[in-house]
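> In my numbering, the protein residues as written are 581 to 1185.
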RNA sequence: GCCCUGAUAGUGUAGCGGCCUAUCAUGAAGCCCUGUCGAGGCUUCGACCCGGAUUCGAAUUCCGGUCAGGGCGCCA
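#1: How would you call residue 644, buried or exposed, if buried means at least 16 neighbouring beta carbons within 10 angstroms?
#2: Residues in the same chain with beta-carbon distance under 6 Å from residue 863, minus the five sequence neighbours each way, listed in chain order, please.
#3: Can you name, in chain order, every residue of its own chain whose Cβ lies under 8 Å from the Cβ of residue 621, other than the five neighbours on each side?
#4: Mind reading off the beta-carbon distance from residue 600 to residue 640? Whole number of angstroms is fine, and I expect it under 8 Å.
#5: If we ignore side chains and look at the alpha-carbon of each, how far apart do residue 1078 and residue 1119 end up?
#6: Which stretch, first to last residue, makes up the beta strand (DSSP E) that contains residue 805?
#7: Using only alpha-carbon positions, find the residue among 984, 969, 889 and 977 that is nearest to residue 926.
#8: Check whether the stretch 1004 to 1018 and the stretch 1041 to 1056 touch, using three or more Cβ-Cβ pairs below 8 Å as the test.
#9: How long is the line joining the alpha carbons of residue 821 and residue 1071, rounded to whole angstroms?
#10: Relative to the alpha-carbon of residue 1169, which residue among 1088, 729, 881 and 774 has its alpha-carbon at the smallest distance?
#11: With DSSP run on the structure shown, which of helix, strand or coil describes residue 1099?
#12: Based on DSSP bridge pairs, tell me the residues matched to residue 602.
#13: Take residue 1127 and list the residues in its own chain whose beta-carbon comes closer than 7 Å to its own, dropping the five residues that flank it on each side.
#14: Starting from the C-beta of residue 650, find all residues in its chain whose C-beta is less than 8 Å away, skip the five residues before and the five after it, and write them out in chain order.
#15: Can you check which of these residues, 805, 715 and 736, is closest to residue 754 by C-alpha distance?
#16: Can you give me the start and stop residues for the beta strand (DSSP E) that residue 1026 sits inside?
#17: Give the single residue among 1075, 626 and 850 whose Cα lies nearest to the Cα of residue 826.
#18: Three or more beta-carbon pairs under 8 Å between the stretch 838 to 850 and the stretch 956 to 972, yes or no?
#19: Suppose you measure from the CA of residue 742 to the CA of residue 694; what does that come to, to the nearest Å?
#20: I need the boundaries of the alpha helix (DSSP H) containing residue 1198, first residue and last residue.
#21: How many angstroms separate the CA atom of residue 972 from the CA atom of residue 917?
#22: Counting pairs of beta carbons, one from the stretch 605 to 621 and one from the stretch 707 to 716, are three or more of them closer than 8 Å?
#23: Excluding five sequence neighbours on each side, which residues of the same chain lie with their C-beta closer than 7 Å to the C-beta of residue 1103?
#24: Could you give the residue range of the beta strand (DSSP E) that holds residue 1001?
#25: If you draw a straight line from the alpha carbon of residue 832 to that of residue 865, how long is it in whole angstroms?
#26: In terms of alpha-carbon separation, which member of 665, 700 and 733 lies closest to residue 719?
#27: Nearest by alpha-carbon distance to residue 1160: which of 853, 1178, 995 and 684 is it?
#28: Just the Cα atoms here: how many angstroms apart are residue 834 and residue 977?
#29: Candidates 1030, 949 and 658: which alpha carbon is nearest residue 1058's?
So, in structure tokens, the structure goes:
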């Protein structure tokens, strides 16, 4: 390797050294004589200088000049030179290498670049190209500091995690990518088998069954930086293929798993930020989260809880409330206290803003929203006349109302009210700026149910997944499950659980989820059998890596922390996948496409 | 499958039915310039997503489509 230094390295101490620098031409400034080049690589930018009136002995002025002519933007180049101090007053304080520059003694183009389709420099008031362009030319996009930072941060995060897990006896095991398609859960990506025509593998949605079988195989502590695949529609935080930090432990209970994760996160924090993160994390029950914050992943950096006031106002002759109550609905209130709203002596939620909030609430399905202001004379609103002084005073007490507070009241079907209240709380927090983006608050969502019932079909689904150990008898109405979610600033990072290790319990859960004996046998027979050979009590967790990284880096989408992501429609704009394959390949697999474009109408007729 | 938003030179944008032979910036090409750092100056090049409708006249209005992003559904 000829390169002696990278572009982020040179300092005053290097002055006088003969160096060879290689990198990309980011900017060049030709002053008609003296010429500057910003040479960039993944480590930084170093200024190169060519000065025809300042040529070191042995250097060939004409040949350098000739080479520099072909130094187009983003060309890969190699330059020999001498590190020298910049002229007094021309140092660049923004650049770590800004006190020195390299006087070119030899210049050579390694590979010339065509004019790049967009600007790669770190724009101050950056005008990034549309994402489509960035993904199409991802290799150029990756040269941008932001992307370099994202991938390096991601690496450091994973590397710190590995370090901790290794120290704690975890073994990294690679589970298969070609696996079996199972009925529940997300849609599978399937892969045809050539040897067994007409049969298919599925890419794993998660290594769930395999990691459990590793426990049965005495592996004791397993982890994997596991790629997972789900053929469902994308979102800003969902990609068809994504990465989880997947773990499993034997002879443990829920608390052991949570403590291990807390230790892991604390370690990562120390490594990355050199800060001590507070552990254990706060725990909040599923019920409390839903009732107070209307979300199973509430942002706990701010308060603004929903207060249930159904019982207080149930006798008030206010028609809207009575209507709702007669249908078994609920009424909740949010107290937007004056200290949250007042900005520079001005109320940030005036009449117009309230109208906007009402509109917001209506969009999510409620009929509207009533509101009251707390003045020094008591609660004031166009509906206070419907409430007796006793009711009003109890309302004030329950919602902890002080003068200047604003109460927002939502009424409707319970589920809808909680959900909307949660969204409203989130919106208020955004509008009022209640969150510090650099404040990272982890919490555990605990005491989760085992099942959830689809309100439309009445069908029972696993709340988490069917391998969660139930915590209550199975014949009661609200069966509990030993599962828990790790949440961070309003996002779910992952869920873990104590698993079922008794085959009979496992079989029963499958049945409760509506699987027939035959389906259980064909899909999970092997797994039930495995549980029957002394499966140890075990449990584990999987953390969505892309999601954590994007949150920690304040990126809007996980695509910004994945080197080569798919677009919203699951396509890779870089290589053009997915694509049709040659007919011969399909024939070999004995596959016939019936996609509209592939059907020859004449064949059918 | 549905809802919302958007689409103008390579890139990012402005654009009131006629002032559009379409703005500005950046870029590219060429020239000038010896201390810049997203250098600067001058010249040139380069665009209204597609189809239909309304209209004397459409980048602009309407309808349909395509593409992109956000969301709902979906994601045990």
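Where is the CB? At the ideal position from N, CA and C, for every residue including glycine.
If you're wondering where the values come from, they're calculated on a predicted model, not measured in any experiment.
According to the structure shown:
#1: buried
#2: 1024 and 1026
#3: Hits under 8 Å: 586, 587, 588, 602, 603 and 604.
#4: Rounded, the Cβ-Cβ distance is 16 Å, inconsistent with contact.
#5: 4 Å
#6: 801 to 809
#7: 984
#8: Between the stretch 1004 to 1018 and the stretch 1041 to 1056 there are fewer than three inter-stretch CB-CB distances shorter than 8 Å, so the stretches are not counted as touching.
#9: Residue 1071 has its alpha-carbon roughly 19 Å from the corresponding atom of residue 821.
#10: 774
#11: Correct three-state label for residue 1099: helix.
#12: According to DSSP, residue 602 bridges with 658.
#13: Cβ within range, chain order: 817, 1071, 1073 and 1138.
#14: These residues qualify, in order along the chain: 689 and 692.
#15: 805
#16: 1022 to 1026
#17: 1075
#18: no
#19: 40 Å
#20: Here the chain has residues from 581 to 1185 only, and residue 1198 is not among them.
#21: 17 Å
#22: no
#23: 762 and 763
#24: For residue 1001, there is no enclosing beta strand (DSSP E); the residue is part of the alpha helix (DSSP H) that begins and ends at 994 to 1012.
#25: 21 Å
#26: Ranked by how close their Cα comes to the Cα of residue 719, the residues 665, 700 and 733 have 700 in first place.
#27: 1178
#28: About 38 Å.
#29: Residue nearest to residue 1058 within the set 1030, 949 and 658 is 1030 (criterion: CA-CA distance).
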